[in-house]
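First comes the structure, then the notes that go with it.
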Ligand code: CTP
Ligand code: CA
């Protein structure tokens with residue numbers, strides 16, 4: 002607080018960060034989920050808070066507690082996360098989508114527990130697409146009426162890529178950055194034993210501006226500090 006705030010790179014800035022993995026209900030006791038631990042999003046929230054920002058953490062399911070000194074909104078599903086993110090974005094300088102958002106949700110949610118029965122066929126789960134929240138945030142920023150207020154809003158996506166026979170990690174990430182239209186995309190290489198739930202990470206930060214990809218590696222806190230430093234540079238229109 003006080004005078005020292007003026008030295009902090011994100012002093013006076015409002016930063017919204019989504020974290021953790023969404024859970025899409027099938028019935029009152031079951032859901033479709035993912036392996037996101039929330040550690041990266043929490044580390045980002047801590048880094049942004051330490052950089053002087055006012056932080057709102059939109060927390061889907063996390064294996065770790067939310068940090069002190071940030072405003073926490075708990076959500077469960079992608080649709081709830083979407084509502085919270087769009088609302089928070091309205092007055093945010095920065096929105097970082099670190100949450101693992103389910104791409105699909107069950108088309109129908111049973112109001113009562115689904116029972117196994119011998120007299121009916123095995124159930125088939127039909128899935129429908131969830132909205133792409135990151136893309137909607139980018140659209141909302143430039144929607145009529147919002148341009149002036151949010152012209153300088155910075156939107157950051159995270160991408161988990163494995164690469165496959167069709168393309169490598171960076172090639173997929175560059176296509177994703179273009180598709181999403183966010184300003185920065187923080188890309189990491191994932192496998193079942195990599196990144197999820199781990200404390201260390203190695204990322205490449207791609208920029209829509211076409212700036213050279215920036216690499217950052219280390220603990221999730223170190224990677225987060227690098228991302229937040231880069232965010233500060235972008236807000237102040239300084240190249241990294
Ligand atoms: N994301 C989102 N809404 C979704 C899915 C993803 O906002 N419905 C965000 C994530 O929070 C992340 C970024 O988009 O910041 C990239 O997520 P990712 O799953 O890598 O991208 P997808 O477009 O879902 O592509 P893929 O088919 O590779 O899963
Ligand atoms: Ca996805």
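Numbering (our numbering), first residue to last: 2 to 241.
Where a beta carbon is used, it is the ideal one built from N, C-alpha and C, also for glycine.
Based on Cα-Cα distance, which residue from the options lies nearest to residue i?
{"i": "residue 154", "options": "94, 215, 175, 8", "result": "94"}
{"i": "residue 104", "options": "15, 161, 228", "result": "161"}
{"i": "residue 8", "options": "166, 189, 53, 115", "result": "53"}
{"i": "residue 106", "options": "70, 131, 12", "result": "131"}
{"i": "residue 142", "options": "164, 43, 62, 89", "result": "89"}
{"i": "residue 170", "options": "145, 210, 214", "result": "214"}
{"i": "residue 80", "options": "19, 237, 96, 166", "result": "19"}
{"i": "residue 70", "options": "83, 218, 55", "result": "55"}
{"i": "residue 224", "options": "144, 235, 201", "result": "201"}
{"i": "residue 128", "options": "33, 212, 163, 173", "result": "33"}
{"i": "residue 65", "options": "57, 116, 39, 165", "result": "39"}
{"i": "residue 57", "options": "51, 28, 15, 35", "result": "15"}
{"i": "residue 209", "options": "165, 133, 163, 183", "result": "183"}
{"i": "residue 164", "options": "228, 140, 144, 190", "result": "190"}
{"i": "residue 134", "options": "120, 159, 145, 230", "result": "159"}
Measuring from the CB of residue i, is there a heavy atom of ligand 3 at a distance below 6 Å?
{"i": "residue 64", "result": "In terms of ligand content, the structure shown lacks ligand 3 and carries ligand 1 and ligand 2 instead."}
Is residue i near residue j, with beta carbons less than 7 Å apart?
{"i": "residue 41", "j": "residue 221", "result": "yes"}
{"i": "residue 136", "j": "residue 177", "result": "no"}
{"i": "residue 126", "j": "residue 85", "result": "no"}
{"i": "residue 78", "j": "residue 148", "result": "no"}
{"i": "residue 114", "j": "residue 204", "result": "no"}
{"i": "residue 67", "j": "residue 73", "result": "yes"}
{"i": "residue 91", "j": "residue 45", "result": "no"}
{"i": "residue 48", "j": "residue 226", "result": "yes"}
From the DSSP output, read off the bridge partner residues of residue i.
{"i": "residue 17", "result": "57, 96"}
{"i": "residue 107", "result": "128"}
{"i": "residue 33", "result": "25"}
{"i": "residue 101", "result": "22"}
{"i": "residue 62", "result": "22"}
{"i": "residue 72", "result": "57"}
{"i": "residue 219", "result": "202"}
On the premise that residue j lies in contact with residue i, defined as a C-beta separation below 8 Å, what is that separation, rounded to the nearest angstrom?
{"i": "residue 187", "j": "residue 157", "result": "7 Å"}
{"i": "residue 138", "j": "residue 185", "result": "Not quite, the Cβ-Cβ distance comes to about 13 Å (not below 8 Å), so this is no contact."}
{"i": "residue 62", "j": "residue 21", "result": "5 Å"}
{"i": "residue 23", "j": "residue 82", "result": "6 Å"}
{"i": "residue 37", "j": "residue 101", "result": "4 Å"}
{"i": "residue 279", "j": "residue 174", "result": "Here the chain has residues from 2 to 241 only, and residue 279 is not among them."}
{"i": "residue 27", "j": "residue 111", "result": "7 Å"}
Give the list of continuous beta strand (DSSP E) stretches no shorter than 3 residues that lie fully inside the segment 133-216.
Secondary structure within the segment 133-216: the beta strand (DSSP E) runs of 3 or more consecutive residues, fully enclosed, are 155-162, 185-190, 201-208 (chain order).
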